[in-house]
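Structure, as structure tokens:
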Amino acid sequence: MAAVAALASPLSQAQEPIRLIVPYAPGGPLDITSRALAERVRDSLGVVIIDNKAGAGGNIGADAIAKAQPDGLTIGLAATATHAVNPWLYTKMPYEAGKDFAGITQMVRVPNVLVMNAAKAEQLKIHSVADLIAYAKSHPGKLNYGSGGNGSAGHLAGEMLKQKAGIFALHVPYRGANPAQLALLSGEVDFNIDNLAAAAPNIRSGKLVALAVTSLNASPLLPGVPALSKSYPGFAIDTWWGLVAPAGTPKPVLDKLSKAFNDALQAPETKTRFNALMAEPVGSTPAEFDKFMAAERAKYQPIVKASGAKVD
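Using this note's numbering, the first residue of the sequence shown is number 1085, and each one after it goes up by one.
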């Protein structure tokens, strides 16, 4: 209880450091954005130490968060995979995503983008989502798409597109997002749905053409590119992540953490830094983030089931 009192008091600089568990390896967007926010909350919360615990699709790190003491001194990152997809993808889970965590704030949203090899798009005369769907329907069985693996965001978004558009495209899973993008660039696959952070450099260079974003609305990070929801209402598959604490963390502690991180997310410097990573800072109350994660889990259950993807 002493730790709780310390965090809840304005003299937070005198407390023990806060440990922020990132369930992924150092150097990626989730790690970079976490470190950026850790720097910005130093004045209000004191030292925040990043602890990378990668493995099992994020489950190892998420489990460490769930099993930590609910004293506000251990928090961590919750992401699309760990808190919305993995509960349906993995046959055995070490934690219950809907019970073992308390939301703090949604940090980031990264749009996914439907992209084609620019040369192939020109060859097939595909310049829009409507063109892609028309081609798939007039050439059944001819299209394929790549992803970073079974159950990845790209795989699930591709399956959702197939369901809503009533088309068939063969899924080609690769061992990670980079090999999948290389396959697209070489013409080995016809299209991918990738996160904007990964696809942006090749979109800018003209090697890839963006047909749509999979956000509910068009993204300011990719001007002029429509949202898939314009053609298929309700289509929304973003990559997101945020902060959670172990279940049982007192509400005053959650509120203090949420305010500190939300203030950091609102800073112009944060927006500039995150936008450079093709990420949009969000911010929310603990209750809003809990509600959002529950809705995301419910959304992904039928998508994962329809995809047939399973990890033992």
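Idealized CB from N, CA, C, for every residue including glycine.
In its chain, beyond the 5 residues on either side, Trp-1172 have a beta carbon closer than 7 Å to the beta carbon of Gln-1385.
Take the alpha-carbon of Ala-1168 and the one of Ala-1162: they are about 9 Å apart. Under the DSSP definition of a beta bridge, Pro-1304 lacks any partner.
Here the C-alpha atom of Ser-1270 lies approximately 8 Å from the C-alpha atom of Asn-1201. Here the alpha carbon of Tyr-1219 sits roughly 8 Å from the alpha carbon of Ile-1210. Within the stretch 1234 to 1300, the alpha helix (DSSP H) runs of at least 4 residues that lie entirely inside it are, in chain order, 1237 to 1249, 1261 to 1270 and 1280 to 1288.
Beyond the five residues adjoining it in sequence on each side, Lys-1204 comes within less than 6 Å, by CB distance, of Gly-1271 in the same chain, given in chain order. In this structure Pro-1195 is buried. Its beta-carbon is surrounded by 16 or more other beta-carbon atoms within 10 angstroms. Between Val-1192 and Pro-1365, the beta carbon gap of about 6 Å places them in contact (Cβ cut-off 8 Å). By DSSP's assignment, Ala-1162 forms a beta bridge with Gly-1326.
Taking a cut-off of 8 Å on C-beta distances, the stretch 1346 to 1353 does not touch the stretch 1375 to 1384, as fewer than three cross pairs fall below it. Each residue's CA atom was taken as its position, placing Pro-1154 and Leu-1341 some 13 Å apart.
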